[in-house]
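J.: Numbering (this note's numbering), first residue to last: 5 to 231.
Beta carbons are placed, not taken as given, at the ideal position from N, Cα and C, and that holds for glycine.
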Ligand SMILES: Nc1ncnc2c1ncn2[C@@H]1O[C@H](COP(=O)(O)OP(=O)(O)O)[C@@H](O)[C@H]1O
Ligand SMILES: [Mg+2]
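1) Out of 51, 36, 37, 23, point me to the one whose CA is closest to residue 177's CA.
2) Can you tell which of 94, 80, 30 has the C-alpha that lies nearest to the C-alpha of residue 169?
3) Which runs of the alpha helix (DSSP H) at least 4 residues long sit entirely within the stretch 111-198? Give them in chain order.
4) Once the 5 residues before and after residue 157 are set aside, which same chain residues still bring their CB inside 8 Å of it?
5) For residue 144, which residues from the same chain have a beta carbon less than 7 Å from its beta carbon, with the 5 sequence-adjacent residues on both sides left out?
6) Just curious, the beta strand (DSSP E) that residue 225 is in, first and last residue?
7) What first and last residue would you give for the alpha helix (DSSP H) that runs through residue 83?
8) Count the CB pairs spanning the stretch 42-61 and the stretch 199-210 that are closer than 8 Å, and state whether there are at least three.
9) Quick test of the definition: if touching needs 3 or more C-beta pairs under 8 Å, does the stretch 59-72 touch the stretch 129-145?
10) Pick from 218, 65, 122: whose alpha carbon is nearest that of residue 174?
11) For residue 52, verify whether its CB is less than 7 Å away from any heavy atom of ligand 1.
12) What would DSSP say about residue 55, mapped onto helix, strand or coil?
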């Protein structure tokens, strides 16, 4: 039993990971990284350091060139294409731009992952309500996305990312378009999801925003983890 413990407790396990883009650019070099289940960690570094590449590999949006990448018990180096949708359903992703459908309501935007996953109407409604409640936007479920403020749109994107109760929540500069107060509000919501068990990894170049928070911060510089 004990021998298995370490592996089963890890959400992300990158070993000697290397990523080279087709143009020859080496975006990640010798990355060793462990994220435990239930942990919340920030990934920092300058623009161009490799943060997005790192997250995209963890979310199976991109493939590493060499090394080992195991996420949520799945080997992403050998995963078959037909296994990708099931893997991706267990991972919620939030980007800098909320990417909502502007002429659909907040409710409809949040319900999309559930419709794709095949939930019925009753269950969808229940889950979307719960998700909107968690981001404190239950009162705006019937607003069109384009009628919401930037901060509210990002909270809707967050609700959409967690509505399917993912095991892992990845966020790439989720506060990049927000002023400091709204940015703190968004980070607060991430901490609340983490407190109920979701594993969270957030990329941000905004050290000021996170330096006083009680979470692990790792830094990437020109494709290498430095601390
Ligand atoms: N599709 C791509 N093709 C070639 N180079 C890329 C590609 N995507 C990113 N890069 C390069 O890889 C490096 C890391 O990019 P990225 O992971 O987006 O960094 P960050 O998110 O930290 O700003 C940058 O130098 C970037 O120009
Ligand atoms: Mg980036």
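T.: From the atom records:
1) Per the Cα distances, 51.
2) Residue 169 has its Cα closest to that of 94, out of 94, 80, 30.
3) As far as the stretch 111-198 is concerned, its whole alpha helix (DSSP H) runs of at least 4 residues are 125-138, 154-166.
4) 102, 104, 149.
5) Take residue 144, set aside five residues on each side of it, and the residues of its chain with a beta-carbon closer than 7 Å to its own are 110, 152, 156, in chain order.
6) Here the beta strand (DSSP E) through residue 225 covers 220-225.
7) Bounds of any alpha helix (DSSP H) do not take in residue 83, whose DSSP letter is neither H nor E.
8) The stretch 42-61, when compared against the stretch 199-210, does touch it at the 8 Å Cβ threshold.
9) Segments in contact, no.
10) If we check each option's Cα against that of residue 174, 65 comes out closest.
11) For ligand 1, a non-hydrogen atom lies closer than 7 Å to the CB of residue 52.
12) Residue 55: helix per DSSP, three-state reduction.
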